[in-house]
Amino acid sequence: MIGFWIAAAGLSAAVAALVLRGAARGLTPAGDDPALAVHRRQLSEIDDLAERGLLAEGELKAARAEAGRRLLAAADQSAAWPREGLGPRRVTVIAAAAAPLLALGLYVVVGAPGAPDQPFARRVAEWKAGDASLLDPPRIVAILEQAARTETDNPELYRNLAIARMAGGDAIGAAEALRKAVRLAPQRAELWTALGEAFVTSEEGQVGADARTAFTEALKRDPENLSARYHLAKGEIADGRLEAGLAGWRAVLADLPADDPRRPVLAAEIDRTAQAGRLVDAVPQQAAAGEVTPDMIQGMVEGLAQRLAAAPDDPEGWVRLVRAYAVLGDAARRDAALKAASERFADQPRVLAALRQAADTPPAQTLNVPKSNAR
Numbered sequence: 001m002i003g004f005w006i007a008a009a010g011l012s013a014a015v016a017a018l019v020l021r022g023a024a025r026g027l028t029p030a031g032d033d034p035a036l037a038v039h040r041r042q043l044s045e046i047d048d049l050a051e052r053g054l055l056a057e058g059e060l061k062a063a064r065a066e067a068g069r070r071l072l073a074a075a076d077q078s079a080a081w082p083r084e085g086l087g088p089r090r091v092t093v094i095a096a097a098a099a100p101l102l103a104l105g106l107y108v109v110v111g112a113p114g115a116p117d118q119p120f121a122r123r124v125a126e127w128k129a130g131d132a133s134l135l136d137p138p139r140i141v142a143i144l145e146q147a148a149r150t151e152t153d154n155p156e157l158y159r160n161l162a163i164a165r166m167a168g169g170d171a172i173g174a175a176e177a178l179r180k181a182v183r184l185a186p187q188r189a190e191l192w193t194a195l196g197e198a199f200v201t202s203e204e205g206q207v208g209a210d211a212r213t214a215f216t217e218a219l220k221r222d223p224e225n226l227s228a229r230y231h232l233a234k235g236e237i238a239d240g241r242l243e244a245g246l247a248g249w250r251a252v253l254a255d256l257p258a259d260d261p262r263r264p265v266l267a268a269e270i271d272r273t274a275q276a277g278r279l280v281d282a283v284p285q286q287a288a289a290g291e292v293t294p295d296m297i298q299g300m301v302e303g304l305a306q307r308l309a310a311a312p313d314d315p316e317g318w319v320r321l322v323r324a325y326a327v328l329g330d331a332a333r334r335d336a337a338l339k340a341a342s343e344r345f346a347d348q349p350r351v352l353a354a355l356r357q358a359a360d361t362p363p364a365q366t367l368n369v370p371k372s373n374a375r
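Taken in order, the sequence shown gives residues 1 to 375; the numbers are from full-length UniProt numbering.
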């Protein structure tokens, strides 16, 4: 391999020298050389003498032939390389030719030309052998994708791959992995639910046709599935069937445990939707432009909690939610969100550490936001 690079560097240097030498010759016009100007002037003077009748025909031919010969000789001499010193053209060409050779020599001295390539598969193996809690989502995805090439019949593997892709912000990739999971284990309601949630996330909260199909399949296998019921009711409201959708949401709210952090979020969403008669954003639209009010902050936090209720496999989102409740001084919701997230990510020490750190964030004394016990 090193021999190939030496040959390539030499060839590059030779080609650069030839190209730049030709370019250097062509850059300077012929008339710039004073010697050529002298011989051209002599030819002009001979023609002038002939026109005035001062040269016979034979003398004119001989004089013009001699002047032309001298002009050609001078032109050849000016095109040749200067023999005295290194002119700017020669320096340029030498530098261009020497650059590849110098670069190669520096690489041989400083670099490691004999080191073998590090294939991607080897890097994935190193990540897999290390501490999984220190890996970011893209590396976890790479490990799981490599495993999926051999374990093509493992639905749990595809579920974990979907979680990792979702954590990395790739909702479409998560849905693709979950499609494979439900094909392998169509009887598992939680896989259909996760597939529907991935579709909702990829469609920015909209419950589209694919999501509704997935949630319907989940309900066939688990009629009490809260996420599927919530999203199908949301689809009813989006289609204009307000009362039917609100009835579905109220039934979900009644089935949620008393300490479930999703209860206040869903209750607030039901109130907003009933008042507006349609689906509305969690952030109050009447807030003054550029003004951040306590109600606006509360609305943004509720919006984040609502999104996590729809797509809970988002560790960074849970960390932000726990921190937000801590900043707001809402200890009850903070602890409930911390508990729910810790149970979901119990096998990810890095996420658990981030959650604990977020829960320890001191509250902001300037915010006057109603707490969960005010309801």
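Each residue gets a CB set at the ideal place from its N, CA and C atoms; glycine is no exception.
Check                                                                                                                   : Outcome
Status (buried if at least 16 other CB within 10 Å, exposed otherwise) for Leu355                                       : buried
Contact between the segment 323–334 and the segment 237–254 (3+ Cβ pairs under 8 Å)                                     : no
Counted within 10 angstroms of its Cβ, other Cβ atoms place Ser202 as buried (16 or more) or exposed                    : buried
Own chain partners of Gln286 with C-beta closer than 7 Å, once the 5 adjacent residues on each side are dropped         : Because the pLDDT of Gln286 is 40, which lies under 50, any placement of that residue in the model is unreliable, and the question is left without a value.
Neighbourhood of Ser342 by C-beta distance below 8 Å, restricted to the same chain and skipping five residues each side : Leu352, Leu355
Beta-carbon spacing of Ala214, Gly235 below 9 Å                                                                         : no
Asn160 (DSSP reduced to helix, strand or coil)                                                                          : helix
Cβ neighbours of Lys180 in the same chain (closer than 6 Å, five flanking residues each side left out)                  : Tyr158
Supposed contact pair Leu266 and Leu253 - C-beta distance, whole angstroms, cut 8 Å                                     : 5 Å
CB of Ala175 within 9 Å of CB of Ala162, strictly                                                                       : yes
Buried versus exposed call for Gly240 [16 or more other C-beta atoms within 10 Å across all chains shown]               : exposed
For Leu135, the three-state DSSP class (helix, strand or coil)                                                          : coil
Coarse secondary structure for Gln187, derived from DSSP in three states                                                : coil
CB contact flag (Leu191, Pro155, <9 Å)                                                                                  : yes
Asp360, buried or exposed, once every other Cβ within 10 Å from all chains shown has been counted against 16            : exposed
Contact under 9 Å by Cβ, Ala167 with Pro137                                                                             : yes
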